[in-house]
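Below is one structure, written out as structure tokens; comments come after it.
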Amino acid sequence: MLLLGMGVLLLLLLLAITVPLGGMFHFDTFESGVVGVVLASIIWVTASLFAYFRGDNVLLALAGARKINSLDHRRLYNIVEELKIASGLETMPSLYIIDDPAMNAFAVGCHRDKAAAIVTSGLLTKLNRDELQGVIGHEIAHIVNRDVMLMSFCIMLLNTISVIVCAVGGGRITTEDLAPQKENWKFMAVYAAVGTIFLFFAALGVNDYFKDAIAIYVSVFLIFVLISAHLIYYATSRRREYLADASSALYTRYPEGLATALEKIASSTDQVLAANTATVTIYIVNPFRRKGLPASDITSTHPPVSERIRILRAMSHASFADYDQAYRQVRGIDKGIIPTTAMSSAGIVPMRSAIPDDLNHIQRARETTNALWNAQKYNIINCVCGTRLRLPPSFKLAEVKCPHCGRINPV
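With the numbering used here applied, the sequence shown corresponds to residues 421 to 831, in that order.
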């Protein structure tokens, strides 16, 4: 329903443009409306098809993610395999890593059999096994619940609406100005007003009908469509984040793992360098930070992190019903967040105890660094003295000298 709402907003936006333009060229309202409906349908179908067939590749490219295999990072692969079984996912997701010290993760997968889990190097280095399991469980849940496909469609439609509004606004606004992290509707109102004034004066002298239509349609719909599209986008993202948290608690049987991971991610002052306005909602925690500050609870793209942590820690059993009860308790409301069908289809399982992590921070850092080198196709040369030389793919010489023993090794 939310996705259809985005489509309706796109239709209203096109009607607000085509009807006054039709009046300028002496078309009646019905003919202009038909043109708007046709254009909206074409744009909606095109954006949805692109999101479905190419959305995953675009998101991976924007994030700078590199694919790794089971030998590159065995601990991560084992965790994903465990949660694939626990969630009932039929196909093992592909694994990608982003070379970034910030802690975050997301998933892609409009097709469940071609899904992928993506983590930053900072996440692998700084989280223990239980915490990493909680985060991966959250991302696997997005794949199982088809959240990635839903958000891909919403991202494409929101960006399409933003681009059209920018064009109608006479180039006075850009998609960066409409970034979700701005969280200030006054910007949108001002920019929409500027676009309206620009078009109004551009239309002076054409005919009275067109001027009246500009005043009625453009001024109202620019502001209405912008605000409504973002609100729908945020509402979709926030609801799916709660469901993914609940699913992770069910898969791992240890809500504290995800709760502690969220604490660490939110308290970090590092911002994901590859994050942008097109991908902000797919991360487990909003990747944008004010310089030198941790993530704030005041965000429209994700539920407040502190609230998500309190809900997880208020659970007494690993179940959707228990999460829904904890949600009502923490928020002090009677309305739940988990769909009734989900609560009736999943049972209640006891929570397990924490699992001691046999790796310290240095060992996790070394493990992650090796995975990054392998992902970047570094060539490894083992010298007889015990030194391991790692050569980048760009290294073209036939021999390399060991810096420790001086031996010449063939490449």
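Glycine included, every Cβ here is placed at the ideal spot set by N, Cα and C.
| Asked | Found |
| --- | --- |
| Contact set for ASP519: own chain, Cβ-Cβ below 7 Å, skip 5 residues either direction | SER541 and LEU792 |
| CB of LEU832 within 8 Å of CB of THR760, strictly | The structure shown does not extend to residue 832, since the chain spans only 421 to 831, so no value can be given for it. |
| Closest by C-alpha distance to LEU578, when choosing among SER688, ILE556, ILE463 and THR680 | ILE463 |
| Collapsed DSSP secondary structure at ILE538 in the structure displayed | strand |
| Rounded C-alpha distance that separates GLY508 from ALA536 | 15 Å |
| Local conformation of ARG772 per DSSP, three classes | coil |
| Reduced DSSP secondary structure (H/G/I, E/B, other) of VAL528 | strand |
| Touch test, the region 465-482 against the region 522-534, Cβ-Cβ under 8 Å, three pairs minimum | yes |
| Helix, strand or coil at TYR674 according to DSSP, with G and I counted as helix | coil |
| Identified DSSP bridge partners for ARG810 | ILE800 |
| Distance CB(VAL500)-CB(ILE556) smaller than 8 Å | yes |
| Per-residue burial, GLY826 [other beta carbons within 10 Å of its own, 16 or more giving buried] | exposed |
| Start and end residues, alpha helix (DSSP H) containing ASN498 | 494-507 |
| Which of helix, strand or coil DSSP assigns to GLY826 | coil |
| For TYR516, the residue or residues it bridges with in DSSP | LYS487 and ILE538 |
| One or two residues paired with GLU819 in a DSSP bridge | PRO830 |
| Alpha-carbon spacing of LEU480 relative to GLU451, whole angstroms | 42 Å |
| CA nearest to the CA of ILE437, picked from GLY427, ALA460 and MET426 | ALA460 |
| Spatial distance of MET512 from LYS504 (CA atoms) | 6 Å |
| Beta-carbon proximity list for ALA483, same chain, < 7 Å, skipping 5 on both sides | ILE518, ILE538, ALA694 and THR699 |
| Host alpha helix (DSSP H) of ALA561 (start-end) | 549-564 |
| Length of the line joining the Cα atoms of GLY554 and PRO675 | 7 Å |
| Identified DSSP bridge partners for ALA738 | VAL769 |
| Contact under 8 Å by Cβ, ARG808 with ASN802 | yes |
| Inter-residue Cα distance where the pair is THR680 and ALA795 | 28 Å |
| Assigned exposure category for CYS574 - 16 Cβ within 10 Å defines buried | buried |
| Endpoints, the alpha helix (DSSP H) within which GLN783 is located | 781-795 |
| Range of the contiguous alpha helix (DSSP H) that encloses GLU727 | 725-733 |
| Reduced DSSP category for LEU434 - H, G, I as helix; E, B as strand; rest coil | helix |
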